[in-house]
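Reading the sequence shown from the start, the letters are residues 46 to 232 in our numbering. Notes for the one structure printed next.
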Amino acid sequence: MLAIAFFVSSCAGERAADRVEVARVRHDIQHIALSVERFYLENNSLPTEAQGLDVLVENKRYLDRLPLDPWGNHYAYRLSADGGSFDVRSLGPDGRSSGDDIGAEYPIFEVEPIDDKLSFVSVFGILIVVLIGLVLYFVPTFVAFSRNHKNRVPILVLNVFLGGTVIGWVGALVWALLRDDKESGSS
């Protein structure tokens with residue numbers, strides 16, 4: 046009975062150790078894959094199979110060092126035939142490509158570059174909107190100057206500094222529309 050209990054506990058211990066090793070492999074692979082993706086973003090290409098993962102540790106730019114899997118083996122790197130994905134894997138305890146390998150394939154998605162140049166139409170449209178906004182903003186000033194209001198300069202100042210508020214804009218417009226002494230004297 047004691048032998049059965051010892052056997053069951055040793056099997057459970059091995060499974061727990063296996064899970065820890067598999068978790069470490071998955072963590073290492075994700076870390077390596079992120080470094081490969083950073084390499085891709087900076088170089089617009091994946092490392093070749095000839096470069097392998099060693100290119101990631103040159104000048105410690107992407108990784109300080111390449112980790113070994115829990116069994117002391119190097120992680121394997123493979124580039125797909127079309128160059129659109131890569132594979133990072135641990136070859137497992139036997140160190141050979143077989144059914145006990147742990148790994149994942151990572152596709153690389155092309156990101157369309159953002160067009161830095163604004164088209165003529167969009168620039169023209171923005172200018173038209175800004176121009177219309179300025180005309181509407183200065184309506185009180187235009188009214189005061191077209192009516193030759195005696196307080197046209199103070200109305201301009203009020204319009205410039207407080208025209209951004211509804212009260213300031215409406216106040217400047219009402220003031221510009223009020224009759225001044227010049228108008229009442231000329232009638």
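In this text, a Cβ means the ideal position worked out from N, Cα and C, and glycines have one as well.
Next item on the list: Sort Ala189, Trp220, Phe183 and Ile173 by Cα distance to Val205 and report the nearest one.
Entry: Comparing Cα positions, the closest option is Phe183.
Margin query: At 3 residues or longer, what runs of the beta strand (DSSP E) sit wholly inside the region 159–223?
Written below: List check, beta strand (DSSP E) in window: nothing returned.
Check: Taking the C-alpha atoms as reference points, what is the distance between Pro115 and Leu136?
Finding: In this structure, the alpha-carbon of Pro115 lies about 10 Å from that of Leu136.
Next item on the list: Indicate the three-state DSSP secondary structure (helix, strand or coil) for Asp132 in the structure shown.
Entry: Judged by DSSP in its simplified three-state form, Asp132 adopts strand.
Checklist line | Own chain residues within Cβ distance below 7 Å of Val219, not counting five before or after | finding: Around Val219: no qualifying Cβ.
Next item on the list: Mark Ile177 as exposed unless 16 or more other C-beta atoms lie within 10 angstroms of its C-beta, in which case mark it buried.
Entry: Classification of Ile177: exposed, given that the 10 Å Cβ count is below 16.
Notebook entry, point to check: How is the beta strand (DSSP E) around Ala121 delimited, first residue to last?
Noted result: Here the beta strand (DSSP E) through Ala121 covers Ala121 to Leu124.
Check: Is Leu113 helix, strand or coil by DSSP?
Finding: Three-state DSSP puts Leu113 in a strand.
Notebook entry, point to check: Going by beta carbon distance, what residues of the same chain come within less than 6 Å of Glu155, once the five residues before and after it are set aside?
Noted result: With a pLDDT of only 48 at Glu155, under the threshold of 50, the placement of this residue in the model should not be trusted; the figure read from the coordinates follows. Once the five neighbours on either side are set aside, Glu155 has no close Cβ partner at all.
Notebook entry, point to check: Between Val198 and Leu179, what straight-line distance do the alpha-carbon atoms span, to the nearest angstrom?
Noted result: Cα-Cα distance, rounded: 18 Å.
Margin query: Based on DSSP bridge pairs, tell me the residues matched to Gly148.
Written below: According to DSSP, residue pairing for Gly148 in a beta bridge involves Arg134.
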